[in-house]
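Just so we're aligned: the sequence shown equals residues 10 to 531 in my numbering. What follows is one structure encoded as structure tokens, with my remarks underneath.
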Amino acid sequence: MRWRYPFALLAVLALFATACDEGDPVDVDDPTTDDPVDDTVDDDVDDDEAAVGGTLVAAIGGDPDQLDPHTTTSSFAFTVLENVYDTLVQPGDDLTPEPALAESWETSDDLLTWTFTLRDGVTFHDGSPLTAADVVASFERIAEEGANAFRLEAIDAYDAPDDLTVVMELNRPAPNLLDQIGAFKGMAIAPAAAIEAGTLGDEPIGTGAFAFVSFSPGDNVVLEANPDYWGDGPFLDGIDFRVIPDESVKVTNLETGEVDWIDSVPPQQLDQLEGDDAIVLGRVAGNDYWYLSLNNDREPFDDPDVRRAIAFALDIDTITEAAKFDAATPNETAIPDTSFWYFDYAPFGQDVDEAQRLLDEAGVSELTIDLMVTNEFPETVTSAQVISSQLAEVGIDVEIRTEDFSTWLADQGEGEFDAFALGWLGNIDPDDFYYAQHHSTGGFNFQGFADDEVDELLDAARVETDQDARKELYDQAAARIVDLASYIYFYNPEILEAWSPEVTGYETRPDVATRFATTRLG
């Protein structure tokens with residue numbers, strides 16, 4: 010097997026060396042991730058010699074719940090939509106924001122006015138030109154739909170003084186604004202006409218390298234090349250995203266040539282795949298985290314001591330080993346140790362006696378937990394089995410409820426759970442790791458956690474422009490989030506993808522962005 014690593018993030022190291030000086034302000038395009046890899050292996054096929062054309066068959070582990078970028082929260086949907094839509098800015102190879110639909114931007118001295126200049130000549134897949142009015146309409150819809158409205162809370166008003174200029178007026182400094190508006194395709198720019206017509210859910214229309222053709226739920230999503238794409242590529246005729254939930258089947262299909270690329274690799278198969286010349290493995294330390302969440306709106310999980318008891322009863326090293334083998338790092342906080350924002354804090358560790366003491370003090374003698382997982386993320390099922398075994402040691406019975414991901418998302422949104430296990434993918438700025446999940450007004454605070462001190466710390470960190478002071482605020486917030494067991498964190502996984510040696514021009518990324526614009530076959 011060939012191993013494929015992304016380019017070393019030297020620019021990040023240079024920025025961190027500067028940013029860590031005392032009193033330095035936050036750079037408006039400040040990175041989150043330190044260098045997660047040690048080496049680079051070049052593709053065996055030069056891009057100039059690679060063929061142009063062909064359809065890439067890409068296997069994904071689950072069905073997109075929908076294809077509306079402004080309302081979906083499904084990682085499978087975003088794997089597809091990454092190639093259909095663009096944002097004003099996007100994370101570069103080192104995860105610092107770089108121009109995308111906006112070719113440049115500038116800020117006022119007080120950081121309260123941001124002016125973006127759009128690329129001239131960009132068109133949507135329906136042939137209509139990209140204008141500032143489309144950007145304004147997209148952000149207004151994102152704010153209305155709610156799923157990602159928290160990313161725009163700093164913006165009071167938008168203006169489109171001409172077709173290629175967008176002005177944003179902020180109500181507070183937002184040192185992470187570029188990350189908020191460009192970190193992932195939930196902030197996609199769509200045509201104002203399609204937004205007004207309400208057709209994005211049925212017919213996605215973007216400016217990306219590939220245009221939507223069809224979606225057969227449970228089967229596949231088909232895209233075709235956009236010949237008028239503003240960036241490099243596309244070099245493929247199209248992409249056929251096929252839904253294959255079983256990871257072992259995906260690997261087999263890759264080995265036999267039925268698919269060209271797969272979105273995950275079973276970590277337990279890494280050793281046996283090492284000598285397989287039919288596979289190129291992409292492996293990089295990621296910004297993801299996986300965790301257990303308890304419903305604070307249900308008794309007895311509204312008691313922090315009960316949540317803490319469960320945290321003390323769990324051995325996250327064992328959970329990590331069972332779920333990811335050697336392809337993850339246990340961590341009791343969210344942000345991985347490859348990041349400048351990492352906070353080294355681990356107050357729990359398995360202590361069955363302390364867990365039992367806390368349960369006794371809380372008056373909990375018999376407890377059954379309904380734990381919701383999804384087989385489309387098999388690590389959640391494996392983790393649940395270990396959790397069940399470990400909690401049995403303190404008299405807690407776990408009933409594992411396994412659902413398809415679309416049902417899982419619906420039940421999460423309705424609060425129909427005692428507990429759930431899942432992961433957060435593609436985080437960049439520290440705000441991504443904490444605000445939406447743990448602020449009392451957070452749009453993804455499905456567990457119903459509320460703490461005034463956490464709210465104050467997260468609000469303050471959002472406006473702090475001094476790098477060191479901002480990190481201290483997030484460290485304090487992280488400590489309290491962990492202490493109160495809003496989430497019980499397990500590990501930060503590596504990102505594992507694989508593809509055929511015939512595939513060139515593709516890189517596995519720590520933000521899990523699946524970009525096929527420059528990919529070639531043959």
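Using N, Cα and C, we set each Cβ at its ideal position, and we do this for glycine too. Everything numeric in this text was worked out from a predicted model, so none of it was measured.
*Can you round the beta-carbon distance between Tyr-300 and Tyr-496 to whole angstroms, since I take them to be within the 8 Å contact cut?*
For the purposes of this step, residue 300 is taken as the residue at position 291 of the sequence shown. For the purposes of this step, residue 496 is taken as the residue at position 487 of the sequence shown. Confirmed, about 4 Å.
_Enclosing alpha helix (DSSP H) for Ser-398 [first to last residue]_ = Along the sequence shown, read from residue 1 onward, the residue named residue 398 stands at position 389. Segment 387–401, the alpha helix (DSSP H) holding Ser-398.
*Among residues of its own chain, excluding the 5 on either side of Gly-210, which ones have a beta-carbon nearer than 8 Å to its beta-carbon?*
Position 201 of the sequence shown, counted from the start, is the residue given in the question as residue 210. Same-chain partners within the cutoff: Gln-75, Leu-76, Asp-77 and Thr-80.
*asked:* I'd like the list of long-range same chain contacts for Glu-58, defined as Cβ closer than 8 Å, with 5 residues on each side in sequence excluded.
replied: Looking up residue 58 in the sequence shown gives position 49. Caution is warranted here: a pLDDT of 49 is assigned to Glu-58, below 50, making its placement in the model unreliable, and the coordinate value is therefore given only provisionally. None.
_Suppose you measure from the CA of Leu-128 to the CA of Lys-259; what does that come to, to the nearest Å?_
What you label residue 128 is simply residue 119 of the sequence shown in a count that begins at 1. What you label residue 259 is simply residue 250 of the sequence shown in a count that begins at 1. The amino acid at residue 128 is misidentified as Leu; the sequence shows Arg. Going from the Cα of Arg-128 to the Cα of Lys-259 covers about 39 Å.
_Could you check whether the Cβ of Ala-109 sits closer than 9 Å to any Cβ belonging to chain D?_
Structure shown: chain D not included; a single protein chain is present.
*Please classify Arg-292: is it buried, with 16 or more other beta-carbons within 10 angstroms of its beta-carbon, or exposed?*
Taking the sequence shown and counting its residues from 1, the one referred to as residue 292 is at position 283. Classification for Arg-292: buried.
*asked:* In the DSSP assignment, the alpha helix (DSSP H) including Pro-1 goes from what residue to what residue?
replied: In the structure as shown, the chain begins at 10 and stops at 531. Residue 1 is therefore absent and cannot be evaluated.
*Touch test, the segment 192–211 against the segment 479–496, Cβ-Cβ under 8 Å, three pairs minimum*: no
*Nearest-angstrom Cα distance between Arg-429 and Ile-504?*
Start at 1 with the first residue of the sequence shown, and residue 429 comes out as number 420. Start at 1 with the first residue of the sequence shown, and residue 504 comes out as number 495. Per the sequence presented here, residue 429 reads as Phe, with Arg not at that position. For Phe-429 and Ile-504, the distance between alpha carbons rounds to 22 Å.
_Let me make sure I understand the geometry here. Which of Glu-516, Thr-527 and Ser-449 has the alpha-carbon closest to that of Ile-490?_
By one-based count along the sequence shown, residue 490 stands at place 481. Among Glu-516, Thr-527 and Ser-449, the Cα nearest to that of Ile-490 belongs to Ser-449.
*Evaluate Asp-171 with the Cβ neighbour count: other Cβ atoms within 10 Å of its Cβ, from every protein chain shown; 16 or more gives buried, anything less gives exposed.*
For the purposes of this step, residue 171 is taken as the residue at position 162 of the sequence shown. So Asp-171 counts as exposed.
*Going by C-alpha distance, which of Phe-193, Thr-122, Ala-163 and Ala-169 is nearest Thr-9?*
Because the chain is modelled from 10 through 531, residue 9 falls outside the range shown and cannot be assessed.
*Straight-line CA distance for Asn-454 to Glu-154?*
On the sequence shown, position 445 is the one that residue 454 refers to. On the sequence shown, position 145 is the one that residue 154 refers to. Rounded to the nearest angstrom, the two C-alpha atoms are 16 Å apart.
*Which same chain residues, not among the five before or five after Ile-396, have their C-beta less than 8 Å away from its C-beta?*
Stepping through the sequence shown from its first residue, residue 396 is reached at position 387. Cβ neighbours of Ile-396 beyond the five flanking positions: Leu-301, Leu-323, Ile-328, Leu-380, Val-407 and Ala-430.
*asked:* Quick check on Thr-377: buried or exposed, where buried means 16 or more other Cβ atoms within 10 Å of its Cβ?
replied: For this step, residue 377 is matched to residue 368 along the sequence shown. Exposed, because fewer than 16 other Cβ atoms sit within 10 Å of the Cβ of Thr-377.
*Give the DSSP-derived three-state secondary structure of Thr-329 in the structure shown.*
Within the sequence shown, numbered from 1, the residue matching residue 329 stands at position 320. Helix at Thr-329.
*Delimiting residues of the alpha helix (DSSP H) encompassing Ala-99*: For the purposes of this step, residue 99 is taken as residue 90 along the sequence shown, with counting starting at 1. Per the sequence shown, the amino acid found at residue 99 is Gln instead of Ala. Where Gln-99 is concerned, there is no enclosing alpha helix (DSSP H), although the beta strand (DSSP E) it sits in stretches over 98–100.
_Cβ neighbours of Val-472 in the same chain (closer than 7 Å, five flanking residues each side left out)_ = Taking the first residue of the sequence shown as 1, we reach residue 472 at position 463. Closer than 7 Å at Cβ, skipping near neighbours: Arg-181 and Pro-182.
_Length of the line joining the Cα atoms of Asp-360 and Arg-316_ = The sequence position of residue 360 within the sequence shown is 351, counting from 1. The sequence position of residue 316 within the sequence shown is 307, counting from 1. So the two alpha carbons sit approximately 14 Å from each other.
*Alpha carbon to alpha carbon, how far is Leu-173 from Gly-424? Give it in angstroms, no decimals.*
Stepping through the sequence shown from its first residue, residue 424 is reached at position 415. Stepping through the sequence shown from its first residue, residue 173 is reached at position 164. Their backbone Cα atoms lie some 43 Å apart in a straight line.
*Got a sec? Which residues, its chain only, sit under 7 Å from Asn-229 by beta carbon, not counting five neighbours each side?*
As a working note, residue 229 is residue 220 in the sequence shown. Asp-249, Phe-250, Arg-251 and Val-252, listed in sequence order.
*Helix, strand or coil: which one does DSSP assign to Asp-30?*
Counting from one through the sequence shown, the residue named residue 30 turns up at place 21. Confidence at Asp-30 is low in this model, with a pLDDT of 34, below 50, so the placement of that residue should be treated as unreliable; the coordinate-derived value is given next. Of the three classes helix, strand and coil, the one that applies to Asp-30 here is coil, per DSSP.
*In three-state terms, what does DSSP make of Gly-195?*
Against the sequence shown, residue 195 aligns to sequence position 186. Helix.
*Measure the C-alpha to C-alpha separation of Ala-469 and Asp-246 and round it to an integer number of angstroms.*
The residue given as residue 469 occupies position 460 in the sequence shown. The residue given as residue 246 occupies position 237 in the sequence shown. So the two alpha carbons sit approximately 48 Å from each other.
*asked:* I'd like the ranges of any beta strand (DSSP E) spanning at least 3 consecutive residues and lying wholly in the segment 108–133.
replied: 111–116 and 122–127
*Report the residue ranges of all alpha helix (DSSP H) runs contained in full by the segment 447–488; include only those spanning at least 4 residues, in chain order.*
461–472
*Which residue comes first and which comes last in the beta strand (DSSP E) that contains Asn-501?*
Within the sequence shown, the letter at position 492 stands for residue 501. Per DSSP, Asn-501 belongs to the beta strand (DSSP E) from 496–508.
*Assign Gly-191 to one of two classes, buried (16 or more other C-beta atoms within 10 Å of its C-beta) or exposed (fewer than that).*
For the purposes of this step, residue 191 is identified with residue 182 of the sequence shown, where counting begins at 1. Gly-191 is buried by the Cβ-count criterion.
_Proximity below 9 Å, CB of Ala-507 to CB of Val-289_ = Counting from 1 along the sequence shown, the entry for residue 507 is found at position 498. Counting from 1 along the sequence shown, the entry for residue 289 is found at position 280. Contact: yes.
*Can you pull the DSSP bridge partners for Ile-248?*
Residue 248 sits at position 239 when you count from the first residue of the sequence shown. Paired residue(s): Leu-65 and Leu-232.
*From which residue to which residue does the beta strand (DSSP E) around Asp-168 run?*
Counting from one through the sequence shown, the residue named residue 168 turns up at place 159. Residues 164–171.
*Out of Ala-67, Thr-474 and Pro-236, which has the shortest C-alpha to C-alpha gap to Asp-118?*
Stepping through the sequence shown from its first residue, residue 118 is reached at position 109. Cα-wise, what sits closest to Asp-118 is Thr-474.
*Under the criterion of a Cβ to heavy atom distance below 8 Å, does Pro-106 qualify as lining the ligand SAH?*
Looking for the ligand SAH in the displayed structure turns up nothing, as the structure carries no ligands at all.
*Decide if the segment 478–489 is in contact with the segment 432–443; the criterion is three or more beta carbon pairs, one per stretch, under 8 Å apart.*
yes
*Could you tell me which of Phe-224, Leu-282 and Lys-333 sits nearest to Thr-391, measuring between CA atoms?*
Taking the sequence shown and counting its residues from 1, one reaches residue 391 at position 382. Looking at the Cα atoms, Lys-333 is the closest of the given residues.
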